[in-house]
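Q: Respectively, the protein sequence lines represent chains X and Y. Per numbering that gives the first Met the number 0, numbering through the first sequence is continuous, rising by one, with the last residue being 103. Per numbering that gives the first Met the number 0, numbering through the second sequence is continuous, rising by one, with the last residue being 103. Glycine included, every Cβ here is placed at the ideal spot set by N, Cα and C. Pasting a structure below so you can have a look.
2 protein chains.
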Amino acid sequence: MLIVHVSVQVKEDRVAPFIEATKKNATASRGEPGIARFDVVQQLDEPTRFVLVEVYRTAEDAAKHKETAHYAAWRDAVADMMAAPRSSKKFAAVTPDATGWDSP
Amino acid sequence: MLIVHVSVQVKEDRVAPFIEATKKNATASRGEPGIARFDVVQQLDEPTRFVLVEVYRTAEDAAKHKETAHYAAWRDAVADMMAAPRSSKKFAAVTPDATGWDSP
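As structure tokens, then:
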């Protein structure tokens, strides 16, 4: 598995449209066979900060995601909503093992 | 849901025992009814850095976790393995909704 944590800071007045666009992208992304999970969380003490937790089966699946129409639509929709450039970190799974990452 | 990301930096020569102790804690934690997920990931470009991604149903469930024997055993086992103090951030779920967080 390849796990990517994307950290996002959104402009204060764009939180609601960011959530709307990002939910749409998450739902479509979960339909990709190479994606086991696509979660979005909002920081409690700084609600303009979000993390997208993306769990890909392989590195190729992460590349394929960036070629989808829903990713392009999200990227364009949120471009003006960012308060700062996005940053991301890549991780390997320690636990669970490969069978434990799929959403129910 | 209450999602907690715990960032950990481990001493270079303690990565293997940290993984062993943390897997044991993750497995036991998943048995708590208040825990939907307990994932551990290792940063690809800095393998001494880990994130524990803990998904609790409620804030009380997070407090209860800290009262368990497996948490105490983990905390004591890893105390000498840390290269820096742990830090954590708390998040609310944006997506999936409450039914989508359980592990399979």
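1. Just the Cα atoms here: how many angstroms apart are R74(X) and D12(X)?
2. Relative to the C-alpha of G30(Y), which candidate in V50(Y), H64(Y), Q8(Y) has its C-alpha closest?
3. Does the region 68-84 of chain Y come close enough to the region 10-27 of chain Y that 3 or more CB-CB pairs lie under 8 Å?
4. For Q41(X), would you say it is in contact with chain Y, using Cβ-to-Cβ distances shorter than 8 Å as the test?
5. If you draw a straight line from the C-alpha of Q41(Y) to the C-alpha of E19(X), how long is it?
6. Could you check how far apart the C-beta atoms of H4(Y) and V54(Y) are, in whole angstroms? I think they sit under 8 Å.
7. Going by DSSP, what residue range makes up the beta strand (DSSP E) through P79(Y)?
8. Looking at C-alpha atoms only, which residue of T98(X), A61(X), F90(X), G33(X) is the closest neighbour of V52(Y)?
9. Going along the region 2-24 of chain X in order, which residues come within less than 9 Å of chain Y, judged by CB to CB distance?
10. Is the CB-CB distance between A35(X) and R56(X) below 8 Å?
11. Cβ of T94(Y) less than 8 Å from any chain X Cβ?
12. Considering Cα atoms alone, identify which of K22(Y), L1(Y), F37(Y) is closest to V77(Y).
13. Quick one: list the residues of chain Y neighbouring K89(X), beta-carbon separation under 8 Å, in chain order.
14. Give a yes or no on whether 8 Å exceeds the smallest Cβ distance from D38(X) to chain Y.
15. For D101(X), does the three-state DSSP call read helix, strand or coil?
16. Identify whether D60(Y) lies in helix, strand or coil by the three-state DSSP scheme.
17. Flag D75(Y) as yes when its Cβ comes closer than 7 Å to any non-hydrogen atom of the ligand ATP, and as no otherwise.
18. By Cβ distance below 8 Å, which residues in the same chain neighbour S86(Y) in space, the five residues on each side in sequence not counted?
19. As a quick exercise: from H69(X), G33(X), P46(X), pick the residue whose alpha carbon is nearest that of A61(X).
20. Confirm, please, whether the CB-CB distance from T67(X) to V9(X) is below 8 Å.
21. Show which residues of chain X have a CB atom less than 8 Å away from the CB atom of V77(Y).
A: From the atom records:
1. Start at 1 with the first residue of the first sequence, and residue 74(X) comes out as number 75. Start at 1 with the first residue of the first sequence, and residue 12(X) comes out as number 13. If I take the Cα positions, the gap works out to 18 Å.
2. Within the second sequence, residue 30(Y) is the residue found at index 31, counting from 1. By alpha-carbon distance to G30(Y), the top candidate from V50(Y), H64(Y), Q8(Y) is H64(Y).
3. Between the region 10-27 of chain Y and the region 68-84 of chain Y, the count of C-beta pairs closer than 8 Å reaches three or more; the two stretches touch.
4. The residue labelled residue 41(X) in the question sits at position 42 within the first sequence. Interface annotation, Q41(X): in contact with chain Y, CB-CB separation under 8 Å.
5. Residue numbering aside, residue 41(Y) sits at position 42 when the second sequence is read from its first letter. Residue numbering aside, residue 19(X) sits at position 20 when the first sequence is read from its first letter. A direct Cα-to-Cα measurement between Q41(Y) and E19(X) gives close to 30 Å.
6. Taking the first residue of the second sequence as position 1, residue 4(Y) is located at position 5. Taking the first residue of the second sequence as position 1, residue 54(Y) is located at position 55. The distance from the Cβ of H4(Y) to that of V54(Y) is about 10 Å, inconsistent with a contact at the 8 Å cut-off.
7. Indexing the second sequence from 1 puts residue 79(Y) at position 80. With the sequence shown as reference, residue 79(Y) is identified as Asp, and Pro is not the correct amino acid for it. Segment: none, D79(Y) is in no beta strand (DSSP E) and carries neither H nor E.
8. Counted from its first residue, the second sequence places residue 52(Y) at position 53. Here the closest residue by C-alpha is F90(X).
9. Within the region 2-24 of chain X, the qualifying residues are I2, H4, I18, T21, K22.
10. As a first step, residue 35(X) must be located in the first sequence, where it is residue number 36. As a first step, residue 56(X) must be located in the first sequence, where it is residue number 57. For the pair A35(X) and R56(X), the CB atoms are nearer than the 8 Å cut-off.
11. Walking along the second sequence from the start, residue 94(Y) turns up at place 95. Cβ-Cβ to chain X under 8 Å: yes for T94(Y).
12. Residue mapping note: residue 77(Y) aligns to position 78 of the second sequence, counting from 1. For V77(Y), the closest alpha carbon among the candidates K22(Y), L1(Y), F37(Y) is that of K22(Y).
13. Taking the first residue of the first sequence as position 1, residue 89(X) is located at position 90. Neighbourhood of K89(X) in chain Y, by CB distance below 8 Å: Q42, L43, D44, in chain order.
14. Against the first sequence, residue 38(X) aligns to sequence position 39. For D38(X), a Cβ of chain Y is located within less than 8 Å of the residue's own Cβ.
15. For the purposes of this step, residue 101(X) is identified with residue 102 of the first sequence, where counting begins at 1. DSSP, read as helix, strand or coil, puts D101(X) in coil.
16. Stepping through the second sequence from its first residue, residue 60(Y) is reached at position 61. Residue state, collapsed to three classes: helix.
17. This structure simply doesn't include the ligand ATP, nor any ligand for that matter.
18. Residue mapping note: residue 86(Y) aligns to position 87 of the second sequence, counting from 1. Cβ within range, chain order: V5, S6.
19. The residue given as residue 61(X) occupies position 62 in the first sequence. When only C-alpha atoms are compared, the closest one is G33(X).
20. Position 10 of the first sequence, counted from the first residue, corresponds to residue 9(X). Position 68 of the first sequence, counted from the first residue, corresponds to residue 67(X). No; because the gap between Cβ atoms is not below 8 Å, this pair is not in contact.
21. By 1-based counting over the second sequence, the position of residue 77(Y) is 78. For V77(Y), no chain X residue has a C-beta closer than 8 Å to its own C-beta; the minimum C-beta separation is roughly 13 Å.
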